[in-house]
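So the sequences go chain by chain: A and B. Its first residue numbered 79, the first sequence is counted upward by one per residue in the working numbering. Its first residue numbered 295, the second sequence is counted upward by one per residue in the working numbering. This report concerns only the one structure given below.
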Amino acid sequence: AQKVTQAQTEISVVEKEDVTLDCVYETRDTTYYLFWYKQPPSGELVFLIRRNSFDEQNEISGRYSWNFQKSTSSFNFTITASQVVDSAVYFCALSESHRGNTPLVFGKGTRLSVIA
Amino acid sequence: DTEVTQTPKHLVMGMTNKKSLKCEQHMGHRAMYWYKQKAKKPPELMFVYSYEKLSINESVPSRFSPECPNSSLLNLHLHALQPEDSALYLCASSQEVAGRGGELFFGEGSRLTVL
């Protein structure tokens, strides 16, 4: 079963619009970690945020905000007033603790294009 | 700038060649990873080293051979590859071993083309 689902394959927005990237996860662990990474055309995966399963507090960092809801197993990412530099592929990822050394499992990614 | 350095950035090789991809980090991280990423796909885990020992091998073909000479270096030796092995190969490291919530820091990747 897919652990991380990013239903939006591609999104296009006009600059300055707000955009939300959806992420739904599946796990039987009570302790787990959720991540968002950004992959610009250069190829490097850039870490954006980590959330553990015991911390449902939403977070805001500049134009970025994250909404973690355990009740719906979702960890959505919103970019406010999008900019062209936000164009990239965004991956949501899950790390479960019960399997010990299990590293990240990535969703399929959402390609965001911000048009000037 | 990324603190995980990968070389070469681009590599073209024939199916009979032997080549190596190199990865270096100086953040004192104890876990290092190789991921393979095909176009328009998410990264797929290949190998994990924890404290310089191979801890995870995700059923990768033997034509890919990882090596961790020390805590800062990670190599991926390539031999007798197939055209379908063409991909972006990403190296990553983390302070904590996988599964304990540590974020992974990725390099920019080595883009491999097998002719």
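Heads up, the beta-carbon is just placed ideally off N, CA and C, and yes, glycines get one too.
Closest by C-alpha distance to B/Y329, out of B/S314, B/F341, B/Q389, is B/F341.
Within the same chain, Cβ atoms closer than 6 Å to the Cβ of B/K332 are found at A381, the five residues on either side in sequence being excluded. Following the DSSP letters along the chain, one finds A/F113 inside the beta strand (DSSP E) bounded by residues 110-117. The beta carbon of A/E134 sits no closer than 7 Å to any beta carbon of chain B. Residue-level contact check: B/E318 does not touch chain A, since none of the beta carbons of chain A fall below 7 Å from its beta carbon.
In the DSSP assignment, B/E361 falls within the beta strand (DSSP E) that extends over 358-364. Within the same chain, and ignoring the five residues on either side of A/V91 in sequence, the residues whose Cβ sits closer than 8 Å to its Cβ are V97, S160, L190, S191, V192, I193. Under DSSP, B/M307 shares a beta bridge with B/V408.
For B/N369, the uninterrupted beta strand (DSSP E) run begins and ends at 367-373, by DSSP.
Fewer than three beta-carbon pairs drawn from the stretch 134-150 of chain A and the stretch 298-314 of chain B are found closer than 8 Å, and the two stretches are therefore not classed as touching. The beta-carbon separation of A/S152 and A/D107, rounded to 16 Å, does not stay under the 8 Å limit for a contact. For B/L384, the closest alpha carbon among the candidates B/G403, B/P336, B/R357, B/E338 is that of B/G403.
Between B/H371 and B/R357, the C-beta spacing is not below 7 Å.
When the beta-carbon positions are compared, A/L172 and A/L112 come within less than 7 Å of each other.
By the 16-neighbour rule on beta-carbons within 10 angstroms, B/E297 is exposed.
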